[in-house]
Amino acid sequence: MSSPIHQKIQQHAEPHHSLIHTLKELEGLPNQLTQHQEYLDDLMKQRKNTQDNLEKVVAVITRFDNAEPARKGWLPSRRADNARKQNERERMEALETEFREQRKLRELDEKLEAGLQIKDTLSQNLIKLNNAKEELQSLHDQIFDGPTPEFPEDEELQSNLKYAREAHDNIYGSQLRLQQAVECLVKAEEKVDVCLEKILVILLNAASEYGANKFDRLWVFNKGYLCFNQPSHTASANTIEDTSKP
Numbered sequence: 164m165s166s167p168i169h170q171k172i173q174q175h176a177e178p179h180h181s182l183i184h185t186l187k188e189l190e191g192l193p194n195q196l197t198q199h200q201e202y203l204d205d206l207m208k209q210r211k212n213t214q215d216n217l218e219k220v221v222a223v224i225t226r227f228d229n230a231e232p233a234r235k236g237w238l239p240s241r242r243a244d245n246a247r248k249q250n251e252r253e254r255m256e257a258l259e260t261e262f263r264e265q266r267k268l269r270e271l272d273e274k275l276e277a278g279l280q281i282k283d284t285l286s287q288n289l290i291k292l293n294n295a296k297e298e299l300q301s302l303h304d305q306i307f308d309g310p311t312p313e314f315p316e317d318e319e320l321q322s323n324l325k326y327a328r329e330a331h332d333n334i335y336g337s338q339l340r341l342q343q344a345v346e347c348l349v350k351a352e353e354k355v356d357v358c359l360e361k362i363l364v365i366l367l368n369a370a371s372e373y374g375a376n377k378f379d380r381l382w383v384f385n386k387g388y389l390c391f392n393q394p395s396h397t398a399s400a401n402t403i404e405d406t407s408k409p
């Protein structure tokens, strides 16, 4: 991924994360809205059937009520009495049915009212979802000139930044330790040079005071480094002497 694109990703990581979160939060909204609409359609169908039943029951009750004055003029007889009782039972049943249908109609109306409110909320969220999709598309267009899977989520970007910071800190720490080691070596070299200069002065003074014949050889190398060999020195000193010969 090129550096300019990576910089744009970092700049837009927060809004991108917010849009991705909105999409994930509302991704099932279209299905929910479809299912809820089916639920509302079913309620509307039930309400229509209930309303039709109620109208039929009201028509039956009205017919009984209109026929009641004519029944009052009937001559009392067992057959007429049985018919009257039958009509009264049917009328009572019709009244009970009317009561049940009216109660059911009220319940359906309440459910429909609540369902329409839910539908309104879902519809608003659907608008929010569509807006988020458009904003995300616009964001991709700004960075990549179109949608691409290269654009990471904020969590992934933060994780990458965390690892990058850790690597940077480790490299910087190693660099600092190396720099400190170099400074220590430079100081040590300076002290060694001072010590060698002092030793050289002492040896030269000793040679001047006691005579050079007391010493076999004295070599002074570049930058104040020296090698001093006496007759009693070990074979390693002789090796140094031999290697120094042309």
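For the sequence shown, my numbering gives the first residue as 164, with consecutive numbering after it. Idealized CB from N, CA, C, for every residue including glycine.
- In this structure, the CA atom of Q200 is about 24 angstroms from the CA atom of Q265.
- Around the CB of A257, 16 or more other CB atoms lie within 10 Å, so the residue is classed as buried.
- Sequence-distant Cβ neighbours of L271 in its own chain, meaning closer than 8 angstroms and more than five residues away, are L206, Q209, R210, T213.
- With respect to the C-alpha of H180, the residue from S286, K296, L196, R328 having the closest C-alpha is K296.
- Within its own chain, no residue has a Cβ closer than 7 angstroms to the Cβ of S322 once the five positions on either side in sequence are excluded.
- Annotated as distal: L289 and L182, with beta-carbon spacing of 7 angstroms or more.
- With at least 16 other beta carbons inside 10 angstroms of its own, L299 counts as buried.
- Cβ-Cβ separation between L292 and L189: approximately 4 angstroms, consistent with a contact (criterion under 8 angstroms).
- The shortest C-alpha to C-alpha distance from L186 to any of L285, V223, N294 is the one to N294.
- Taken atom to atom, the span from the alpha-carbon of E177 to that of T284 is near 26 angstroms.
- The alpha-carbon of L341 is positioned some 12 angstroms away from that of V349.
- For the set K282, I281, L217, A246, the Cα lying nearest the Cα of T260 is the one of L217.
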